[in-house]
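2 protein chains.
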Amino acid sequence: AAAVLANRSRRQSGEAKRPQPARVSLQAYTSLCKDSDPPECMRRRFEAVIAEAQEQICKQIEELDGGATFCYEPYDRPTGGGGIARVLKNGNVFEKAGVNLSVVYGEMPQDALKAATERGVQRGGVDLKPGEKVPFFACGLSSVMHPKNPHCPTMHFNYRYFETDFGTWWFGGGTDITPSYLDVDDMKHFHGTYKWALDEFGPDWYPKFKAWADTYFYIPHRGETRGLGGIFFDDFNSEDPEAVTDAYVPIGKKNQDLEYTEQQKEWQLMRRGRYVEFNLVYDRGTIFGLKMLATGVGRLESILMSLPETARWEYCFEPEPGSKEAEIMDAFKNPREWV
Amino acid sequence: AAAVLANRSRRQSGEAKRPQPARVSLQAYTSLCKDSDPPECMRRRFEAVIAEAQEQICKQIEELDGGATFCYEPYDRPTGGGGIARVLKNGNVFEKAGVNLSVVYGEMPQDALKAATERGVQRGGVDLKPGEKVPFFACGLSSVMHPKNPHCPTMHFNYRYFETDFGTWWFGGGTDITPSYLDVDDMKHFHGTYKWALDEFGPDWYPKFKAWADTYFYIPHRGETRGLGGIFFDDFNSEDPEAVTDAYVPIGKKNQDLEYTEQQKEWQLMRRGRYVEFNLVYDRGTIFGLKMLATGVGRLESILMSLPETARWEYCFEPEPGSKEAEIMDAFKNPREWV
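Taken in order, these protein sequences are the chains called A and B. Numbering follows full-length UniProt numbering, with no gaps: position 152 of the first sequence is 152. Numbering follows full-length UniProt numbering, with no gaps: position 40 of the second sequence is 40.
Given below as structure tokens:
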């Protein structure tokens, strides 16, 4: 709780910029770009930023967990590109946490491009013939943390750079938090951290990206969001992907040792069922990944790394009115402003 | 095992037709068709057949379970139609079993029609304008049984009648079995029951519908089927939906009391994870249902009744070579002929 308050007061005091964490020494990271990509091109620069972010984030999550460590699995694909899969299983705090770096390029079918961005083929600025494929490059870091304790929220973030051979490119990404129980202070901290980071660019950035996340992380067939939001963007270059640890780690620290009942664990697993529904039915990254697999690009275990270790579906479960479960359901059904 | 053998020998003896079970007395079933539908129309006749089948199947599954009973939840929708939801939870044999009857009609968007049938809008025999909606009627019985014991397979069936206001109509359906461990005799029995029933119509029916199921129940992103097949059809009128109990109940009886380890239970839950992946990403009925919900037609809890109570995803799990888990994986990856 101390860290949360320290952080909030730092924001409230109007301090311009969070102190940068000490840079970690990168493991011997070998670029997965094409040999022909020049050293200073955006592809390689973005790759270097996320490779360092992956190290930083894994290090801080391992410190928080205090038990298990992340595996380090570099892989490459016969079709070019590859990634570094880092997964932590069965820790003290985390049931399953993953931070995956991937570099993919090749030719994508138009329905994959449509899955990759809201603007779909228009994004290319060119008219594609039916069936014409789109040469592309994509590089990203994505992460999901599923803690054991139902009082500890799940957190996801994704940060990616996308380029087509037609000369268009964009950054996209987002982060959101998925608690099973509502703690308003935690939500103020999480959203506050991003508001504070984005306000530097302009007062309309946070509200715009926050509203975008409320729309993006919505499960239409449930009429509810999968969690309590965050930010989502398809056009933005933040050079600060490590902000995720500022936003999330203090919440983890605060809640990881709270006691919980079996019934609360079951509720958490039901919310994980919603997480599975969102990811398999609507999530752009997952659907893009599954479509690309059919063309030989990508790695299934990394695409589905976001799924929780366990999930639960109970027929016609309705939280009791007035319960803690009903309280957060209201926030899932009616997105709120937290800051 | 006795029932399995009796059934197989009946087939082998060339007995023409299974004896009909005694008709059960229907609960006071009220038709959910439109008042304007004439008494002898196909809509009402089909509805009567599946209403009786629902009773029969629930009765036999309750007998097999010997513990819990099915709820009986009639529901209707403000937009017309409705259904009877019947779900059994936490029984002796079954973790979750459901048999759902539904009657839906209204106007569907073209992407819902595409989800409803392989032939999509061509099925209507008319050219639809972009955005033009398709008035339709659909009526079906669908069921999934998820047993507790990992040696007891999951079973699914679906049987439906579909009509558009352009004068086209068709029957569709299918059934498949999803074991976590391979028992070749059980597969011979299950597939044999359907072969025996279909051979009556012609020698090419079973092989055609069996191959169709192997294609339909395939999970492209895994390169494997969700189970060990069954039959799938989009054009067929079997008047014998109760065949499912002949095919399944003896397998349940044979395996429900086998001992199992915690590790075997975890494997079952991982296979249930595949079940969730198939249903949310590819299953035509589920996708059609979720799309129709957006138009106010259908009932979410009935559409997602097929999901297991619990499912599990383990990062990069690979069965040990030579293990029982590896044995059935081979059958998931390489569909076999069982009879």
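Virtual Cβ for every residue (Gly too), placed ideally from N, Cα, C.
The beta-carbon of residue 310 of chain A is placed less than 8 Å from the nearest beta-carbon of chain B.
When secondary structure is reduced to three states using DSSP, residue 102 of chain A falls in the strand class. Per DSSP, the unbroken beta strand (DSSP E) holding residue 161 of chain B starts and ends at 154-164. Positions of the alpha helix (DSSP H) runs, each at least 4 residues long and wholly inside the stretch 171-213 of chain A, are given as 184-199 in order along the chain.
Counting the other Cβ atoms within 10 Å of the Cβ of residue 90 of chain B gives fewer than 16, which makes it exposed.
When the Cα atoms are used, residue 135 of chain A and residue 283 of chain A turn out to be separated by approximately 22 Å.
C-alpha of residue 37 of chain B to C-alpha of residue 211 of chain B: approximately 37 Å in a straight line. Taking each of A/75, A/184, A/94 and A/206 in turn and checking the Cα distance to residue 60 of chain A, the smallest one comes out for A/94.
Residues of chain A whose Cβ lies closer than 7 Å to the Cβ of residue 277 of chain B are, in chain order, 280. In chain order, 315 and 316 make up the part of chain A whose C-beta sits under 9 Å from the C-beta of residue 87 of chain B. Residue state for residue 65 of chain B is assigned as helix, using DSSP reduced to three classes. Around residue 148 of chain A, the same chain offers 95 as residues with beta carbons nearer than 6 Å, after the five sequence neighbours per side are excluded. A check of alpha carbon separations from residue 100 of chain B across B/256, B/50 and B/273 identifies B/50 as the nearest.
Residue 140 of chain B carries a strand assignment under DSSP once its states are collapsed to helix, strand and coil. Counting along the chain, residue 83 of chain A sits inside the beta strand (DSSP E) bounded by residues 82-89.
The C-beta of residue 189 of chain B comes no closer than 8 Å to any C-beta of chain A.
Residue 331 of chain B counts as buried, since at least 16 other C-beta atoms from the protein chains shown sit within 10 angstroms of its C-beta. Neighbours of residue 221 of chain B in chain A, taken as residues at a C-beta separation under 7 Å, are given in chain order as 290, 293 and 300. The continuous beta strand (DSSP E) containing residue 232 of chain A extends over residues 230-233. A buried status is given to residue 56 of chain B, since no fewer than 16 other beta-carbon atoms sit within 10 Å of its beta-carbon.
CA-CA distance, residue 189 of chain B to residue 176 of chain B, rounds to 13 Å.
For a cut-off of 8 Å, the C-beta gap from residue 300 of chain A to residue 221 of chain B is around 6 Å, short enough to register as a contact. In this structure the stretch 267-276 of chain A touches the stretch 308-321 of chain A; the number of beta carbon pairs closer than 8 Å is three or more. Annotation for residue 312 of chain A: the continuous beta strand (DSSP E) segment containing it runs 310-312.
The Cβ-Cβ distance between residue 105 of chain A and residue 137 of chain A falls below 8 Å. Residue contact with chain A for residue 182 of chain B: absent (no Cβ-Cβ distance below 8 Å to any residue of chain A). The continuous beta strand (DSSP E) containing residue 73 of chain A extends over residues 73-76. Residue contact check for residue 145 of chain A against chain B: no CB pair falls below 8 Å.
Residue-level contact by beta carbon fails for residue 101 of chain B and chain A, as no gap is shorter than 8 Å. The Cβ atoms of residue 336 of chain B and residue 275 of chain B lie no closer than 8 Å to each other. Buried is the label assigned to residue 87 of chain B, since at least 16 other Cβ atoms lie within 10 Å of its Cβ. Looking at the DSSP output, residue 135 of chain B bridges to B/107.
Contact of residue 141 of chain A with chain B is not assigned, every C-beta pair being separated by 8 Å or more. Look at residue 96 of chain B: its C-beta is under 8 Å from a C-beta on chain A.
Close to residue 304 of chain A, with beta-carbon spacing below 7 Å, are these residues of chain B in chain order: 313.
Residue-level contact by beta carbon fails for residue 113 of chain B and chain A, as no gap is shorter than 8 Å.
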